[in-house]
Amino acid sequence: MIIHLKKDTGLEKANQIAQDNKAFLIEKADKFVLISSSSQKEFDSKYDDYVLDTFVFPNDMQLSSKTYMPTTREIQFGNVKIGGNTNNTILIGGPCSVESEAQIQQSSALLKELNLTMLRGGCYKPRTSPYSFQGLGLEGLKLLAKMREEHGLAVITEVRDATHVHEVIEHSDIIQIGAKAMYDQGILRACAKTNKPVMIKRGFGSTLQETVQCAEFVLSGGNDNVAICERGIRTFETKTRFTLDLCGVSYLKEHTNLPVILDPSHAMGHAYGIGDLTRACSAMGVDGLIIEVHPDPSVAKSDAAQQLNHEQFKALYKTLPPIASAVGRTIV
Ligand code: PEP
Ligand code: MN
Numbered sequence: 098m099i100i101h102l103k104k105d106t107g108l109e110k111a112n113q114i115a116q117d118n119k120a121f122l123i124e125k126a127d128k129f130v131l132i133s134s135s136s137q138k139e140f141d142s143k144y145d146d147y148v149l150d151t152f153v154f155p156n157d158m159q160l161s162s163k164t165y166m167p168t169t170r171e172i173q174f175g176n177v178k179i180g181g182n183t184n185n186t187i188l189i190g191g192p193c194s195v196e197s198e199a200q201i202q203q204s205s206a207l208l209k210e211l212n213l214t215m216l217r218g219g220c221y222k223p224r225t226s227p228y229s230f231q232g233l234g235l236e237g238l239k240l241l242a243k244m245r246e247e248h249g250l251a252v253i254t255e256v257r258d259a260t261h262v263h264e265v266i267e268h269s270d271i272i273q274i275g276a277k278a279m280y281d282q283g284i285l286r287a288c289a290k291t292n293k294p295v296m297i298k299r300g301f302g303s304t305l306q307e308t309v310q311c312a313e314f315v316l317s318g319g320n321d322n323v324a325i326c327e328r329g330i331r332t333f334e335t336k337t338r339f340t341l342d343l344c345g346v347s348y349l350k351e352h353t354n355l356p357v358i359l360d361p362s363h364a365m366g367h368a369y370g371i372g373d374l375t376r377a378c379s380a381m382g383v384d385g386l387i388i389e390v391h392p393d394p395s396v397a398k399s400d401a402a403q404q405l406n407h408e409q410f411k412a413l414y415k416t417l418p419p420i421a422s423a424v425g426r427t428i429v
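Quick look at the structure:
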């Protein structure tokens, strides 16, 4: 249940009401917002003098639900806004991993050439083998920060576990919570305490409900800036790396107020399918697309098979504006 309390309730009283109801408390400029379990369906009438509004929900998708906030939340995504009434589809590009200054300089130059504003690149890689490249860590974060300074690009980078979450919060513009880290409570709780935007990637074995509840961990701690990324789920199919759940995307758009970003690269797992998939995603009228692109994919230290080269990325980029425009969107 969500309860809005009048601002003149005062912080002390609001805190006490929150405690009585085992609720989270968020202080806004014009009200207090209490969020308790969705199993609570009524609010004691003894608090009537303090109450502005109450909202009841069938499950724990509450702050993220369209019932509570009927339009997609507007989020500052680096240099551009997504969600709200913007109709923007942000195209994010960059390598799977930050590997060297020379590499990330080339990626930045590509984005600048296309007037794109956000660079991706992992520094803490959640690899499936301990013997694979694990990322440059803090050194990589510093390279991303350098790209921000030198090129004015915003950067999105992933947090693998709670040990370095504060470093990622400090050095990134958008915090990416990876598919394998989606359930990490340490990460979610740390991200709840900042106002930096967070993009939560859906775990490949997670339901939509579970994914949105991870977003609720961040929202209920007071961070309003959460987007969801669909990056493919595991099905019986083995010919592609994962299966991009576009039905799930429709569900998220219909029922939640969270901006939706699509990652065709990790879903497909092979460069050959990325162009078609990205165009299909763009036609769904989503808030963002995140694509892996590398100056020389053949030597990439992670996800080599799925990264586009610069020519492929440019060719793909050219085809997107008319598709986006057909569904009322602008590629930014
Ligand atoms: C990535 O974006 O490089 C990545 C590791 O993605 P995911 O968490 O979706 O596997
Ligand atoms: Mn990758």
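In this note's numbering, the protein residues as written are 98 to 429. Every residue gets a Cβ at the ideal spot worked out from N, C-alpha and C, and that includes glycine. Here the structure is a predicted model, which is why all the values come from computation and not from measurement.
Relative to the ligand MN, the beta carbon of G190 is positioned no closer than 8 Å to any heavy atom. Of the residues E327, V396, T183, the one whose Cα lies closest to the Cα of M365 is E327. A distance below 8 Å between beta-carbons, with the five flanking residues on each side excluded, links N322 to the following residues of its chain, in chain order: R170, I172, Q173, N292, K293, P294, V295.
Excluding its 5 nearest sequence neighbours in each direction, C344 has no C-beta neighbour in its own chain below 8 Å. For C193, the Cβ falls inside the 8 Å cut-off from some heavy atom of the ligand MN.
Shown here, A251 sits in a strand according to DSSP, grouped into three states.
A Cβ-Cβ contact shorter than 9 Å links A412 with G372.
Within the stretch 279-312, complete beta strand (DSSP E) segments of at least 3 residues are found at 295-298, given in chain order. Between A380 and I358, the CB-CB gap reaches or exceeds 9 Å. Shortest Cα-Cα distance from S142 to any of N118, A126, S161 involves N118.
One Cα belongs to T308, the other to S161, and the distance between them is close to 11 Å. Excluding sequence positions up to five before and after T151, its CB lies within less than 8 Å of the CB of M98, I99, I100, H101, F140, all in the same chain and listed in chain order. Checking the 8 Å criterion, the Cβ of K398 is out of range of every heavy atom belonging to the ligand PEP. Straight-line spacing of the CA atoms in S194 and L208 works out to 16 Å. Check the Cα spacing between A242 and each of G275, E267, H261: the tightest is with E267. Under the DSSP definition of a beta bridge, L122 partners with L131.
In the three-state DSSP reduction, T260 falls in the helix class (H, G or I).
By the 16-neighbour rule on beta-carbons within 10 angstroms, Y228 is exposed. With 16 or more other CB atoms across the displayed protein chains lying within 10 angstroms of its CB, G300 is buried. Counting other Cβ atoms within 10 Å of its Cβ, N182 stays below 16 and is therefore classed as exposed. Remark: the C-beta of H363 is in contact range of the ligand MN, defined as less than 8 Å to any heavy atom.
The beta carbon of G175 lies closer than 7 Å to those of T214, M215, A251, D270, I271 in the same chain, with the five residues before and after it left out.
Assigned with DSSP and collapsed to three states, H367 falls in coil, not helix or strand. Separation of the CB atoms of I179 and R217 is rounded to 15 Å, and the pair is thereby denied contact status at 8 Å. Residue environment for Y221: buried (at least 16 other C-beta atoms within 10 angstroms of its C-beta). Distances from the alpha-carbon of F339 to those of S317, L316, H363, M279 put H363 closest. Distances taken from the Cβ of E196 to the heavy atoms of the ligand MN include none shorter than 8 Å. I201: member of the alpha helix (DSSP H) spanning 198-210, first to last residue. Distance from the C-beta of I371 to the nearest heavy atom of the ligand PEP is not below 8 Å.
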